[in-house]
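First the structure, in the form of structure tokens, and then the observations on it.
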């Protein structure tokens, strides 16, 4: 009987391999006497639902501690259709999940733990301490072990989330198995169907074996497809057979962040503690080592959680390798077969297993990678680098330096710069504001099109009217909402607070204009009948630069350096570098993450309004030019362009504000 008002010493929220290994280690250290324990899990754990395997030397702690649970072990593996390799002195060990559950059940009866078959709805902290919530009721615990199924946050840049799904049959064969001492970890002698999928074969006796189909991919195996592949493979390799048991499951292969509680007395276990190796799905050995770590801490009365953080899970070269392989498995799944085959065929198996244990040296890593196909990893590396926060600002900085280097050739500099600005406006500058219709729902509803276009143009026309009647006021309004809009987008990118975002928006706009005072006033005097009275000294950017280094916001630092370089470029080039290279691309990326659509799909969705914007600009240019001044000078043309941008950007700024406001409230 569960005592709801009782505070348990230990509560286990989830009762799988990770929790079971912790309990075994606590039992081994005699730390379970006179300890009240509650185990909560939605499953009864009475079926053999999983296979736990690991490679280890027979003298290793994991093999000794779990020796009575190890049912089978193999000293050889088959790496292709015919070749068998020894992994001595290692063995590949097998533990049936039912044996592990049964062991914990015996301890449960011995120690008289409480048990509840129900899902844990939440873990919270109230006035009485930390507790789990089951059926709406709180149950308190001094220490809570959380090994529930993790919930992954939405993919950020540089993150990949796929699945390792599997369906396996334990079969009995009529013919004897050729070599029951050898297991097959990855047999790719099956149709790939545009995935990375293979058979996993563990012979138990001369005529019984586990044959498991495993898929790495964004789509999970369905039973009918798996059954067909299993049946064909088994008939080909083993002949006639009968099915004894079936197991199936799905493991996340992900380097995304997990939603976790941050309470000190909540100890995360298993996948919740980033135990799963993203590129392979292996977790059992890391769960064992975590169990030993937790037991040692409790033995010394150290109750700090010492949980793995998201940032720590992404550090180190092995996390980098994982990120590359995940990109390949997601984007080019057909390449997975060749990579894994050559990994096992061209290198010593013991070295491969050492690499998978993340115990190789950098030199050994290089030797392994040198034998793999390089093109998939090179493409994945390019994609990975392109997702780094500092990549885009660095590209813009390099571009600004190249344009600066053309300063001795001003005609070529302008031709190159204006060509790049036009291309940038076509690629993202105008399109990033031409997809406002997708921000609310992600879909375009044709019935709402006339109303949307009417309201959008009405707002733009209102600004145009102010420009016509009171150009100076319109100029100040334009500068105000531009600064607000720029600051809001950049603030989201660099995680500024609202006040700081607004301050940055005004700063960046007036820094660009004020460091090009003569050119700025040439335009503003034409379009707004106003001239800025003072220039902006370059040194005012230094506090921002120092602050960016202090905050380790290196992408921000690079953007600031680009602004410094742009002070030595003409105004239009400086403004174009910021508007396209920073602002437009930032807004485009934020919208893309929200819509979860490809760049091409978004650009095509923006195309009707994109084309419409250019047509409107031509009309605007013709209407705003006097009959005797159709061949207006460059300053006048740019002035008309800024007025036009001011008119269109007003409804866009409002639309983006609603988008950011809604996004920030979630």
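Numbering (this note's numbering), first residue to last: 79 to 744.
Cβ coordinates follow ideal geometry from the N, Cα and C atoms, glycine included.
No experiment lies behind these values; they were computed from the predicted model shown.
Between residue 92 and residue 225, how many whole angstroms is the CB-CB distance? I'm expecting something under 8 Å.
About 4 Å; that satisfies the 8 Å criterion.
Do the stretch 510–519 and the stretch 730–742 touch if we need at least three Cβ pairs shorter than 8 Å?
Result yes; three or more Cβ-Cβ pairs closer than 8 Å.
Out of curiosity, what's the CA-to-CA distance linking residue 333 and residue 348?
Their backbone Cα atoms lie some 15 Å apart in a straight line.
Mind listing, in chain order, the continuous alpha helix (DSSP H) runs of no fewer than 4 residues lying wholly within the stretch 558–593?
Runs found: 576–592.
Looking only at its own chain, which residues have a Cβ that is under 8 Å from the Cβ of residue 122, when we skip the five neighbours before and after it?
Correct list, in chain order: 195.
Within 10 angstroms of the Cβ of residue 237, are there 16 or more other Cβ atoms? Answer buried if so, exposed if not.
Label assigned to residue 237: buried.
Helix, strand or coil for residue 84, going by three-state DSSP, please let me know.
If DSSP states are grouped into helix, strand and coil, residue 84 belongs with coil.
Less than 8 Å between the C-beta atoms of residue 474 and residue 655, yes or no?
Taking 8 Å as the Cβ cut-off, residue 474 and residue 655 qualify as a contacting pair.
On the DSSP letters alone, give me the boundaries of the alpha helix (DSSP H) that residue 622 sits inside.
Element bounds for residue 622: 620–628.
Figure out for me which residue from 148, 651 and 376 has the closest Cα to the Cα of residue 493.
Comparing Cα positions, the closest option is 651.
Can you name the residues that DSSP bridges to residue 336?
Answer is 230.
Taking DSSP as the reference, what is the three-state secondary structure of residue 94?
Residue 94: coil per DSSP, three-state reduction.
Could you spell out the range, first to last residue, of the beta strand (DSSP E) harbouring residue 486?
Careful: residue 486 lies outside any beta strand (DSSP E) and carries neither H nor E.
How about residue 291 and residue 261: do their beta carbons lie closer than 8 Å?
Result no, Cβ atoms of residue 291 and residue 261 do not sit closer than 8 Å.
Among 565, 497, 621 and 588, which has the Cα closest to the Cα of residue 579?
Checking every option, the nearest Cα to that of residue 579 belongs to 565.
Rounded to whole angstroms, how far is the Cβ of residue 432 from the Cβ of residue 274, which I believe are closer than 8 Å?
22 Å between Cβ atoms; not a contact.
Mark residue 478 as exposed unless 16 or more other C-beta atoms lie within 10 angstroms of its C-beta, in which case mark it buried.
Buried.
Could you pull out every residue in the same chain whose Cβ sits closer than 7 Å to the Cβ of residue 233, ignoring the five residues on either side in sequence?
If we look at residue 233 and ignore the five residues flanking it on each side, its Cβ neighbours are 239 and 334.
Cutting at 8 Å between CB atoms, please list the residues of its own chain near residue 245, excluding the five before and the five after it.
Excluding residues within five positions, the ones whose Cβ falls inside 8 Å are 290, 291, 299, 301, 304, 305, 308, 324, 325 and 326.
Let me make sure I understand the geometry here. Which of 530, 541 and 313 has the alpha-carbon closest to that of residue 253?
Considering only alpha carbons, the answer is 313.
Let me check one thing: in DSSP terms, what residues is residue 38 bridge-paired to?
Summary: the structure shown does not reach residue 38, with the chain confined to residues 79 through 744, and so no result is reported for it.
Which ranges does the alpha helix (DSSP H) cover as unbroken runs of at least 4 residues, wholly within the stretch 653–701, from first to last along the chain?
DSSP runs (the alpha helix (DSSP H)) wholly in the stretch 653–701: 663–673.
Three-state secondary structure (DSSP) at residue 718?
Three-state result, residue 718: helix.
Return the CA-CA distance between residue 339 and residue 204, expressed in angstroms with no decimal places.
Rounded to whole angstroms, residue 339 to residue 204 spans 14 Å at the Cα level.
If we count the other Cβ atoms within 10 Å of its Cβ and call it buried at 16 or more, is residue 680 buried or exposed?
Classification for residue 680: buried.
Could you compute how far the alpha carbon of residue 550 sits from the alpha carbon of residue 544?
For residue 550 and residue 544, the distance between alpha carbons rounds to 9 Å.
Count the other CB atoms, across all protein chains shown, that sit within 10 Å of the CB of residue 137; report buried if there are 16 or more and exposed otherwise.
The residue is exposed, with fewer than 16 neighbouring Cβ atoms inside 10 Å.
Applying the criterion that 16 or more other CB atoms from any shown protein chain within 10 Å of the CB defines a buried residue, is residue 448 buried or exposed?
Residue 448 is exposed by the Cβ-count criterion.
Applying the 10 Å Cβ sphere with the 16-neighbour rule, what's the burial state of residue 212?
Buried, because 16 or more other Cβ atoms sit within 10 Å of the Cβ of residue 212.
Can residue 104 and residue 376 be called in contact, C-beta distance under 8 Å?
The answer is yes: Cβ separation under 8 Å.
Using 8 Å as the threshold, is the C-beta distance between residue 574 and residue 582 below it?
Contact: yes.
Who are the near neighbours of residue 131 in its chain, counting only those whose CB is closer than 6 Å to its CB and skipping five residues on each side?
Once the five neighbours on either side are set aside, the close Cβ partners of residue 131 are 172.
Is there at least one non-hydrogen atom of the ligand NAP closer than 7 Å to the beta-carbon of residue 285?
For the structure depicted, the ligand NAP is absent and the ligand set is empty, with no information on it obtainable.
Let me know the secondary structure DSSP gives residue 323 once reduced to three states.
Of the three classes helix, strand and coil, the one that applies to residue 323 here is strand, per DSSP.
What whole-angstrom Cβ distance do residue 400 and residue 364 have, given they're in contact under 8 Å?
That pair is no contact at about 13 Å.
Would you mind giving the Cβ-Cβ distance between residue 745 and residue 321, rounded to the nearest angstrom? I have them listed as a contact below 8 Å.
Past the boundaries of the shown model lies residue 745; the chain is included only from 79 to 744, so the question cannot be answered.
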